[in-house]
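In what follows, a single structure is set out as structure tokens and then discussed.
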Amino acid sequence: MNLLQKNISQIGLYNPKLQNSLIGHILSENDKFQLFQAQSGDVSLLYNDIKVHNEINPQQEAISSFSQVKNNTENSILIILGLGLGYLFKRAYMDFKGKIIVYEPNLSLLKFTLECVDFEKELSDKRVQIVSCQMGLIKALKEFYNYNSTLNAIWLRSATVFYKDEIDYLKTETDSIINYLKSDYNTISKASYNWLIEGLLNIPTIIKSSNVHLLKGKFKSKPALIVSAGPSLDKNISTIIANRENVVLFCASNAYKTLAKHNIKPDFVAFIDVGNFVSTYNGLDFSGTNLIAPTYVNNRVLGLNKEQKFISYCNNDIISRWLSEVVGFSIGDYRNKGTVSYLALNSAYIMGCNPITLIGQDLAYVEGNCYSKESVYGKAIKCVFDEKLQKHKLIAAEEEEFEKYCTANNGTKLTPQAITELKQKLASWQITSVMGQNGQMMPTSPDYAGFIKYFEEFAYNADSNVELINASTDGAQINGFKNEKLEDVLNKFDKKIEDIKQIIEQVSNLNSNIVYKNSDKIKKEVEKIISNINKYQRICDDGIKTAKQLSAELKRLHKNPIKVNKLINVIINHYVDFKDDLFKKHLILVYCAFEEMLEFTNIIETDSSQAPDLNEIAIKSENFFNQFLLKSVQIKKLCERILSKI
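In terms of the working numbering, the sequence shown opens at residue 62 and continues consecutively.
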């Protein structure tokens, strides 16, 4: 292989989209490259008559740029904007301890350099990735980011000429990017134990349910419509009614009420409700449709429909990963981002639907409306502009509907005083702005702004042959989706889809359900969990006692270093037992103390150049052992309970 082939073959292992772009990219007549010798004797480069590197000493320029890095630890991520001939990249590779992302937006420059310079050693290292666009950058960051990772960005002086917009993006969006990267950890920290509880409760039902993957490719080239609860749904109901039979219809659970009012029965309804929101669906008839839900959905949701249920497994769902390992099946096609519309979209994609159209996916407050008026929360909240404060804020719309909203979110009926307090809190909720399809900025929530990134990431990763359309034409701009009116989209499809029920019935039997056929394996694994919980509860007791002894010894005026080291070694040995034994055997048990484990790990596995904080070790280890002990008692009881139902 020549240099280009060797270099891009390594890139293709993690970024096949970029690999294909490089293979197909042809340098134009406007791309002018000239290699010349710098005063130092190093080879340098002119691109379109602009010096890419310092003409005196490119190596020294790279050293100077790298010196700007503030955090150089194994848990750090370094973004290098612009590859050039690779001087800065190679310098960073030698001296940087963490992960490295080279962001080169110019495919011509990138391809030229990959043809000239051998990067096989650097690019074969799993701590290195090359990307060429913002979505590729976000994707690489998500893969590299760990709990409390720090982010650095550096570039050569020539980047200020070539990549002004990208530099502005990195300067202005760094905090937003970090918050986006942290969001998964924050979500897991808050919800992980509830996910574990619901997932375990659902195992008997999961075993007897189908999975979305059984429908993989079954609706190939059939148009799909994903209905969400945004304001644009109200304006398009008549269009949906007129074209109902010509699409595979997916509905987000919070939009089902709107469809039901107009006697529209979707083929699939997607749920992700973890909390007990089932009361919000009271009076709605879900018969005749098919439920799609993740493993961790609230146990009562799976009881809404006595008919067909499809479980959506996902790699970032710990119950899914556990079941896939125990049973032995792949969950690589599944994606989940914690939004019900995304679950519906990904399900349609797995089933082979094409094109896939979104409606009600406004992801912004359109004309003050947060939701479709007939949806679950449609009349509860409104966004208004406060002239006095000169900013947007949320207020309660209809009093009775707002009370229902509060009750659903808190699981119990609230007092008038509590509702008043929630109104005050509502008015203080953060409002941000996003670009609308009309080119104007629109008010929205930070969550919705994050969801936009999720959908853009989906579009970036999707097969280029799949047409993605956003018909929520008054809402937020979602890059990667074509903006088109729903009427114009659906008028293209005049053929009734008649075989949906037949296709579903063909896969909906226990003989094709790999989870059902391996239920004995699941039962044995649950029995092992109970046995190991007993063992590790004893380790927790000893860990708590040891952590308390360490805290006491560290408070003494004259500490005994031998005793301190001995106590720390006991704690570390217990930590290793959990990490390398229990959690490898039973991944799901991490969720008994997810946040505490992350903090414990962050202290124990601190960078070797820094001395660990012994007081922190005592505090964090005791927190972890206490939390695991408390939660594992409940998990053990739950496992004993579900054994009889498997």
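Think of the CB as a built atom: it goes at the ideal place given N, C-alpha and C, for glycine as much as any other residue.
Where residue i sits in the DSSP three-state scheme
i, result
"V445", "strand"
"N526", "coil"
"N663", "helix"
"G497", "strand"
"A313", "strand"
"S89", "coil"
"H453", "strand"
"T418", "strand"
"S569", "coil"
"A331", "strand"
"S402", "helix"
"I539", "coil"
"N544", "strand"
"K112", "strand"
"S82", "helix"
"N407", "helix"
"G65", "Note that residue 65 is Leu in the sequence shown here, rather than Gly. Residue state, collapsed to three classes: helix."
"S271", "strand"
"N531", "strand"
"S436", "coil"
"L294", "helix"
"I138", "strand"
"E560", "The identity of residue 560 in the sequence shown is Asp, whereas the question assumes Glu. Correct three-state label for D560: coil."
"N687", "helix"
"R361", "coil"
"G511", "helix"
"A679", "helix"
Per-residue burial, residue i [other beta carbons within 10 Å of its own, 16 or more giving buried]
i, result
"W490", "exposed"
"D346", "exposed"
"E183", "buried"
"R617", "exposed"
"R599", "exposed"
"Q538", "buried"
"P477", "exposed"
"V446", "With the sequence shown as reference, residue 446 is identified as Phe, and Val is not the correct amino acid for it. Burial call: exposed."
"R702", "exposed"
"S128", "exposed"
"P622", "exposed"
"V401", "buried"
"P327", "buried"
"F311", "buried"
"T534", "buried"
"A153", "buried"
"I707", "exposed"
"E386", "exposed"
"S525", "exposed"
Residue range of the alpha helix (DSSP H) that includes residue i
i, result
"I239", "K225 to I268"
"W383", "I379 to V388"
"L352", "Run containing L352: none in the alpha helix (DSSP H); it sits in the beta strand (DSSP E), N351 to P355."
"S105", "Premise fails: S105 lies in the beta strand (DSSP E), V104 to Y108, not in any alpha helix (DSSP H)."
"A123", "P119 to F127"
"Q485", "P477 to A488"
"L345", "Run containing L345: none; DSSP gives neither H nor E here."
"I298", "I298 to N304"
Other residues of its chain near residue i: CB distance less than 8 Å, five sequence neighbours each side excluded
i, result
"K93", "L107, Y108, N109 and D110"
"E528", "N415, P416, I417 and K543"
"N676", "S612 and L615"
"G393", "N376"
Endpoints, beta strand (DSSP E) assigned at residue i
i, result
"M502", "M502 to T505"
"I707", "That residue, I707, is in no beta strand (DSSP E); it is neither H nor E in DSSP."
"L424", "Run containing L424: none; DSSP gives neither H nor E here."
"F371", "K370 to S373"
"I287", "A285 to V288"
"F97", "F94 to Q98"
Cβ shell of residue i (< 6 Å), same chain only, five flanking positions each side left out
i, result
"Y164", "I140, L142, V192 and L198"
"L547", "N297, T300, I420 and A532"
"G278", "G413"
"I492", "H453 and P504"
"S253", "Y652 and F655"
"F554", "P284 and N307"
"L487", "L455"
Chain-order list of residues whose beta-carbon lies under 7 Å from that of residue i (same chain, five-residue window excluded)
i, result
"I649", "L257, I379, I380 and W383"
Cβ-heavy atom distance, residue i to the ligand GTP, below 7 Å
i, result
"K454", "As for the ligand GTP, it is missing from this structure, which has no ligand bound."
| field | 4 or more residues per run - each alpha helix (DSSP H) lying fully within the region 143-217 | value | 148-156, 168-177, 181-184 and 195-205
| Which ranges would you report for the alpha helix (DSSP H) in the region 563-643 if only whole runs of at least 4 residues count? | 575-578, 580-616 and 622-638
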